[in-house]
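Novice: Chains as they are written, first to last, in the working numbering: chain A, 923 to 1090; chain B, 131 to 313; chain C, 893 to 1276; chain D, 133 to 505.
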Amino acid sequence: MTIVFLTMSAVTVLGAVLAVTLRNLVHCLLALVLFFLGIAGHFFLLRADFLGAAQILIYIGAVAVLILFAIMLTRNITGTEGGRGSLGGAWWLGVGIAAALAGLMCAASRRSGLAEKLPYGATEEGVVKEIGRLLVTDWVVPLEIMAVLLTAALIGAVVIALEEERKR
Amino acid sequence: MSNLLGKGLIDGLVVTAKNFVGSYFDGNRKDRLFTYQYPEERMKLPENSRTFPFLVYDGTPDQLRCTACKICETECPPQCIYIVMERDANGKPLQRPRVFDIDISVCMQCGICAEVCPFNAIKMDCDFERSKHGRFEDLLVHLPELLKSNEYYHQIKSAEATRVDATRKPTKKPAAGTKPEKI
Amino acid sequence: MDAIYQLIHAYCPTMPDLLALVLAILLPIAIVMGVFLTVFALLTWVERKALGRIQNRRGPNRVGPVGLFQPIADGLKLLTKEDIVPDAADKVVHFLAPVLVVVPAFLVLAVVPVARGFVPVDLNIGVLFALAVSTASVLALFMAGWASHNKFSLLGAMRGVAQVVSYEVPMVLAAVVVLMAAGSLSSVTIVEAQRGLGGWFVCKPWGFVGFVIFQLCAMAEVARTPFDLPEAESEIVAGYHTEYSGFKFALFQMGEYVAAITMGGITVTMFLGGYLGPGSDLPKIGWLISACWFFAKFGIIVVINIWARGTWPRVRVDQLLGFAWKLLLPLSLVNIVAMAVWHFSPSKLVGWVASAVLLAVAIVALVRLNAGAAFEKRSYRFTS
Amino acid sequence: MSATGIIETQTLEVSLGPQHPSTHGVFRMDVVLDGEYVVKLKPVMGYLHRNHEQIAEKIAWIANMPYTDRLDYFCSMTNNWAYALAVEKMAGLKVPERAEYIRVIMAELTRLLNHSCAIGFLLSDCGAWFTPVLYALRERERILDFFETVSGARMMCNYMRFGGVRVDLDDQSLAMARDIVARWPAFLDEFEKLMTENEVLIARTQRVGILPRELAINASITGPMARASGVEYDIRKVDKYGVYDRFDFRVPVGEAGDTFDRYMIRILEMREAVKILEQALRDIPAGPFIAPEAKLRNFKVPAGDGYGRIEAPKGELGFYLVSEGGAKPYRYHVRPPSFINLTILEDMCLGQKVADTVIILGSVDIVLGEVDR
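Shown next, in the form of C-alpha cells:
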C-alpha cells in the first residue's frame, strides 16, 4: 500500500507543479487534470469510493471542462500562441499564500472536530447513505445556501444568454 | 404539423426495417440488392454497350476492312487515333494501315469513330476489363491487338453485325475510290 | 475476486499465495477484456452487415465466411499503416489522446455485471463510478482535437466537449430514479432490485421515461447517430480524429465502440433487468443462462443504435444542446418527482396512474413549449 | 461562443474543400467562422477546369457532343439535347416527331435520375448516413440500365444527334422505360415516408438557407432553386421547345425558398416528370428517328449565331454558339445552371452554422464538371 500511496502522491505533486510551471495554458490544464486524478486516486486509496468518483465526475468532468472553455474563449482559439509569462519574480508570494491556506485548513478541520462526525464506522454500503442522510439533516442549511447560490448563477447565465439571443 | 410529433422518425424506421428484412427475401436481385458481386458474377451487357474500339477483319487477319482512310482519325474528338497507311516498295499507297494505334488512356469511348467509318471497319467492343499495369505504353493499343474477327463481332453484337453484313454483301472489298456510304 | 481466489486455492493448493492473488485479480480482467473485445469485433461486423442490408447493400462479404473475419483484416490493415503525426501537432498530447480514449471505456466494464455472480469489481458506487469514468473521455476528445492542430479537429473537439458535458446532466438525473428505486449505487444490487414479473425498471412509467432519456443521452455521450456531431463526416471531415492514422485511429474507433458497448451494458443493468430472466437462477447453469439474457438484452440496445444510425439524419449543434437542456433536463427532473410520487403513493395502482399522468403531462407540455413554432406544414402551389 | 459585447471571440478561417467529403467534388469554400456561425464565405471554383470551351472551338461540331456529356455528368442526355437544339436552330434542321418524343423521354428520365440523387445526397449531407442515397442509386440503376441498352453507355450517353437521336427505341426498350416509370411513384412514396416528415430533417432544413424571390431573380437563378423561391419560371413552359406543349403537366412553386422547399420542389417535380413520361410513352408516334437530311461528317453550320436552351434538371442550360460557316464552332459558350446557381451561396449561408453551409450547398445541387467546365 505504501508504494501505491507514494506513487500516487508523486503523481499528484508532479501534476500540481507542472500545472503552475508549464508555459502552454492547455498543457497546464492537462497537468491540473493529472493532479485531480491523483486526488481521486487518494480518495480511492482511503476507501472513500464515493468521494473519488465524485472527484472525477465533478473536477474532471465539469471543472476542467469549464477552465477549458474559459481558455478557449479568452485565448487564441487554435492555441497557436501557446506561451505565457514565466513564473515571475513573485513566486514566493504564491508559495507563502498556499502554505498559509494549507495551515489554516488543517487547523480548522482539527478544531471543528469534523473528523469525528464523519461516518467512519459505517459499512461500504452505508457510506453513501450516511453522507446523504447527513446532507439533509445536519448540513441542510449549508446545502440549501449552496443550492440557492447555484440557482442564482443558473438564472444569471440564462439572462445573459437571452440578452445575446435578443442582440442576434 | 398536424400529425403527432415523432411520427416522421418512426415512419423512417419502418421504411429501413422493411428494406432490411426485404433484402433477405429478395427473389429478384434487381429489386433490392442491386450490386453485382463482380469477379464471380458479371453483368450481361446490352448489345449497344460500348467500351473501346477494335478493327474488324473478315476471315483472316490480313483481310481487314480498314482502308486507312483516316476519317476516324480526323473525327475522333480527343484525337486518340494515329494511322499510317501502308505503302509498297514504290511508295504507292496500299489502302490498309501499317500503323493503327489507339491510346485508350485518352479514348473516351464515345463511339464516333465507329459511326463515321464508311467501311464498317472500326467497331466498339464490349470488353471492359482492360486495366494494365503501366500508364503509358501499356495503354497504347497497336494494330495486332486491335484486330478482331467478324465472328467475334457477331458474338458480341449479333443484331448489329448481321445488319452490317447485309449492307456489305454486294461489295466484298471496296475498291479504291468507292464513295463512302451515306450516314 | 474472492471466489476465484478460493477456487485457485482449492485446485492448486501448492501455488504461492501472492501468485494466486495476482491470478485472482488478473483472471476476471482477462475474461472481461477477452469477451468484450470479441464482442467489439463482432459488433463492428454486425453493424456493417446490418447497415448494409438496411441500405440494400451486402456489407462485408469477402474475408472469411460471410465476411466474418473482416474486423481482423481491418485491424491488421490499421496496424500496418503508417502512423502520421502532423508537423505542427503537439506530439505528446497527440500521442496520449487515443490512449486516454480507450482507458475509461474499459474501466467502465469493471462494474458491469455480465452474469449472475460475475462482475469484475462489485463497487458499492458502481453506477456512479461508471458515469464518472465515462466523463473522462471528454478530456481525450479535447486533447485529440487540440493537439492535432487542425481546425476541423478543434471544431469537432469543442462540439464533443459541449455535447458530452451537456448530456451528462440529464443522464445522471435519469440514473437517479433508478438509484432511488434500488436504494443503492451498486450495480449488482440494482439488478437484484428488478426481480419478479414486470420488475424491470423499464416496465414502470418513471422507468420507461428514464430509459428513453438515458438511452438518448448514452447515444449522445458516445457520439452515435443522430448525435454524431463531433465526427460529423459531412461537415467537419472526421472531427477530432481527422489527423489520426494507423493504429491510433483504430484506438479511437475501438474506444468509441467499447464506450458504446459499456453504455449499452449500463443501460441494460439499470433499466432492463441486467442478467435477470427466466432460468437465470438455476443452480448449475444459471450463470450461463443469465449471461445469455444479458447479451440478449444488450442486443436490443445494439439494434436500436444501428437502426437509428441507418435511418435518421444528424441534428445540428444548437438543436443538440437545446434538446439536452430544454427537453431532457426538465423531463428528467419531472421524472424524479414522478418517482417520488410513485414511492409515496398508498397503492401500486395509484402510483402507476399518478406518475404516468404526471409524466405524460410533462412530456406534452415540454414538447409543445419547444416545438411550438419549429415545424410548419408547407403547401405548394402549381402553375401550368 | 458568439460575438457579443460581452465576450470578444476570435474568428476562425476554415477551408472547406477542395478535399472535403461533402463539397460534391473538388470545390472549396473559404469560410470564416465565429464559433459555429458563418460570417463570410467565399466559393473557390476552378479545380476541375478542363478547357471545355476552348476544346470545342478546335474540333468538329459533332465531335463536341461527347464532350457535353462530361459537363454535368449526371445528366448527359439533357446536355446533349441543349447542344443539339442550339445547332439545329442555326442549321435550320427539322427534328422528326418520334425523335422529339424520344428526347422528351430521355430528358424526363434524366430529371428523375438527377433529382432523386440530388435529394439523396442532400440528405446524406444532413447526416442520414448514406441510406437515402443508396435508395436513390438503386432506382437510378434502372434508368442507367435503360440508357445503356439504348445508347450504349450508362452515363456518357452521347445519344442525341443534330436532327434527331442516334439509335431508335425498339419495343423492348420502350417496355423497359414503361416499367421504370410505373415503379417510380412507389419509390417516391417510400422515399418520402423515409424522410419528408422526419422531425430532424425539418428542423435542419426549414428556414435554413433562405433565398428571397428578388435575389433569386436578380442573380438569374433558374431551375428548382428559383421555383422553390417562388419564381414561376420553367423553360419547358416558357419556350415550349421540343414537344413540351403537348403534355399536360404542372410546375410546382414554393414560397419560403429555404432548403426544405428546395427538397420538396424536387420531389414534386419528379411526380410531374412521371406524368410527362406516362403521356410521352403512351403517345410516341412511329416514324424516322433522325432527320433524313442530317449528316454526321462534313457537317457545316451556316454563319451566324444561336442560343439553345432547355430546362435541364438543375436549371437553364444554354449553349451560345457562333459559326463562321465552317466545320467547327467559332465561339462556343455554355451557360451552366449549377455555376450560376452557386454564385449566391454566400448570401444564403451568412448567419447560418457550418453544418448548414454543407446542406445549403447540397440543396443547390451542383456538379463540378459543369461549374468548372
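All C-beta atoms, glycine included, are put in the ideal place defined by N, C-alpha and C.
When you compare only the Cα positions, how much space is there between Tyr373 of chain D and Asp277 of chain D?
Specialist: For Tyr373 of chain D and Asp277 of chain D, the distance between alpha carbons rounds to 27 Å.
Novice: Kindly indicate if chain C contains any beta-carbon less than 8 Å away from that of Thr263 of chain D.
Specialist: Interface residue, yes.
Novice: Gly944 of chain C and Arg950 of chain C - do their beta-carbons sit closer together than 8 Å?
Specialist: Cβ distance < 8 Å, so Arg950 of chain C and Gly944 of chain C count as in contact.
Novice: Roughly how many whole angstroms lie between the Cα atoms of Ile1181 of chain C and Gln151 of chain D?
Specialist: Rounded to whole angstroms, Ile1181 of chain C to Gln151 of chain D spans 51 Å at the Cα level.
Novice: Grab me the residues of Pro207 of chain B's own chain with a C-beta within less than 8 Å of its C-beta, minus the 5 sequence neighbours each way, in chain order.
Specialist: These residues qualify, in order along the chain: Met238, Cys240, Ile242.
Novice: Looking at the structure shown, is Ser261 of chain B part of a helix, part of a strand, or coil, going by DSSP?
Specialist: Ser261 of chain B: coil per DSSP, three-state reduction.
Novice: Does the beta carbon of Ala1257 of chain C come closer than 8 Å to any beta carbon on chain A?
Specialist: No, no contact with chain A.
Novice: Report the neighbours of Ile201 of chain B on chain D: residues whose CB is nearer than 9 Å to its CB, in chain order.
Specialist: Result: Arg429.
Novice: Give me the DSSP bridge partner(s) of Arg441 of chain D.
Specialist: Answer by DSSP bridge pairing, in chain order: D:Gly450.
Novice: Should Ala1230 of chain C go down as buried or exposed, given a rule of 16 or more other Cβ atoms within 10 Å for buried?
Specialist: So Ala1230 of chain C ends up on the buried side.
Novice: Around the Cβ of Trp937 of chain C, are there at least 16 other Cβ atoms within 10 angstroms (buried) or fewer (exposed)?
Specialist: Buried.
Novice: Give a yes or no on contact between the region 274-281 of chain B and the region 323-339 of chain D, applying the rule of three or more CB pairs nearer than 8 Å.
Specialist: These segments do not touch.
Novice: Closer than 8 Å, CB to CB, is Glu245 of chain B near chain D or not?
Specialist: Cβ-Cβ to chain D under 8 Å: yes for Glu245 of chain B.
Novice: Is it right to say Cys1028 of chain A is buried, meaning 16 or more other beta carbons lie within 10 angstroms of its own, or is it exposed?
Specialist: Answer is exposed; the Cβ neighbour count stays below 16.
Novice: Is the number of C-beta pairs between the region 1074-1090 of chain C and the region 1132-1139 of chain C that are closer than 8 Å three or more?
Specialist: No: fewer than three Cβ pairs fall under 8 Å.
Novice: Taking only the alpha-carbon atoms, compute the straight-line gap between Ala239 of chain D and Val499 of chain D and give it to the nearest angstrom.
Specialist: When rounded, the distance between both Cα atoms is 17 Å.
Novice: Please report how far the alpha carbon of Met480 of chain D lies from the alpha carbon of Gly389 of chain D, in whole angstroms.
Specialist: Each residue's alpha carbon lies about 10 Å from the other.
Novice: Starting from the Cα of Lys174 of chain B, find the closest Cα among D:Lys226, D:Val454, D:Ala231, D:Gly284 and give me that residue.
Specialist: It is D:Gly284.
Novice: Assuming Ser256 of chain D and Glu271 of chain D form a contact by the criterion Cβ under 8 Å, report the distance between their Cβ atoms to the nearest whole angstrom.
Specialist: That belief does not hold up - the Cβ atoms of Ser256 of chain D and Glu271 of chain D are roughly 15 Å apart, past 8 Å.
Novice: So Ile232 of chain B packs on Cys247 of chain B, CB below 8 Å; how close in whole Å?
Specialist: Between Cys247 of chain B and Ile232 of chain B the Cβ distance is about 13 Å, and since that is not below 8 Å, they are no contact.
Novice: Using Cβ-Cβ distances below 8 Å, what residues of the region 1013-1039 of chain C are close to chain A?
Specialist: So the close ones are Leu1015, Asn1016, Ile1017, Leu1020, Phe1021, Leu1023, Ala1024, Val1025, Thr1027, Ala1028, Val1030, Leu1031, Phe1034, Met1035, Trp1038.
Novice: Check each residue of the region 1204-1238 of chain C: if its Cβ is closer than 9 Å to any Cβ of chain D, include it; give the result in chain order.
Specialist: Those would be Trp1204, Pro1205, Arg1206, Val1207, Arg1208, Val1209, Asp1210, Gln1211, in chain order.
Novice: Mind listing which residues of the region 187-206 of chain D have their C-beta closer than 9 Å to chain B's C-betas, in chain order?
Specialist: From the region 187-206 of chain D, only Ile187, Ile191, Ala192, Ile194, Ala195, Asn196, Met197, Pro198, Tyr199, Asp201, Arg202 have a Cβ closer than 9 Å to chain B.
Novice: Please determine if the region 356-366 of chain D and the region 299-313 of chain D are in contact, where contact requires at least 3 C-beta pairs separated by less than 8 Å.
Specialist: These segments do not touch.
Novice: Hey, quick one: how far does the beta strand (DSSP E) through Phe184 of chain B stretch, first residue to last?
Specialist: Phe184 of chain B -> beta strand (DSSP E) spans 183-187.
Novice: Relative to the C-alpha of Glu478 of chain D, which candidate in D:Ser154, D:Arg368, D:Pro175, D:Glu425 has its C-alpha closest?
Specialist: The residue with the shortest Cα to Cα distance from Glu478 of chain D is D:Pro175.
Novice: Taking 8 Å as the threshold (beta carbon to beta carbon), is Leu185 of chain B in contact with chain D?
Specialist: With 8 Å as the cut-off, Leu185 of chain B does not count as an interface residue toward chain D.
Novice: Mind checking Thr200 of chain D: buried by the 16 CB within 10 Å criterion, or exposed?
Specialist: Looking at its Cβ environment, which holds 16 or more other Cβ atoms inside 10 Å, Thr200 of chain D is buried.
Novice: If we count the other Cβ atoms within 10 Å of its Cβ and call it buried at 16 or more, is Met1155 of chain C buried or exposed?
Specialist: So Met1155 of chain C counts as buried.
Novice: Would you mind working out which of D:Ile476, D:Lys485, D:Gln484, D:Val503 sits nearest His465 of chain D, comparing C-alpha positions?
Specialist: The residue with the shortest Cα to Cα distance from His465 of chain D is D:Val503.
Novice: Mapping the DSSP letters down to three states, classify Ala1007 of chain C as helix, strand or coil.
Specialist: DSSP places Ala1007 of chain C in strand when its eight states are reduced to three.
Novice: Along chain C, which residues have their Cβ under 9 Å away from the Cβ of Gln142 of chain D?
Specialist: In chain order: nothing, as chain C lies at least about 12 Å away.
Novice: Do Tyr169 of chain D and Asn196 of chain D have their C-beta atoms closer together than 8 Å?
Specialist: No, the Cβ-Cβ distance between Tyr169 of chain D and Asn196 of chain D is not below 8 Å.
Novice: So is Leu968 of chain A in contact with chain C if we call contact Cβ pairs under 8 Å?
Specialist: False, the Cβ-Cβ gap to chain C never drops below 8 Å.
Novice: What are the residues in the region 1120-1153 of chain C lying within 9 Å of chain A by C-beta distance?
Specialist: For the region 1120-1153 of chain C, which is checked against every Cβ of chain A, not one residue is closer than 9 Å.
Novice: If you measure between the beta carbons of Arg235 of chain D and Glu205 of chain B, is that distance less than 8 Å?
Specialist: Not in contact: Arg235 of chain D and Glu205 of chain B (Cβ atoms no closer than 8 Å).
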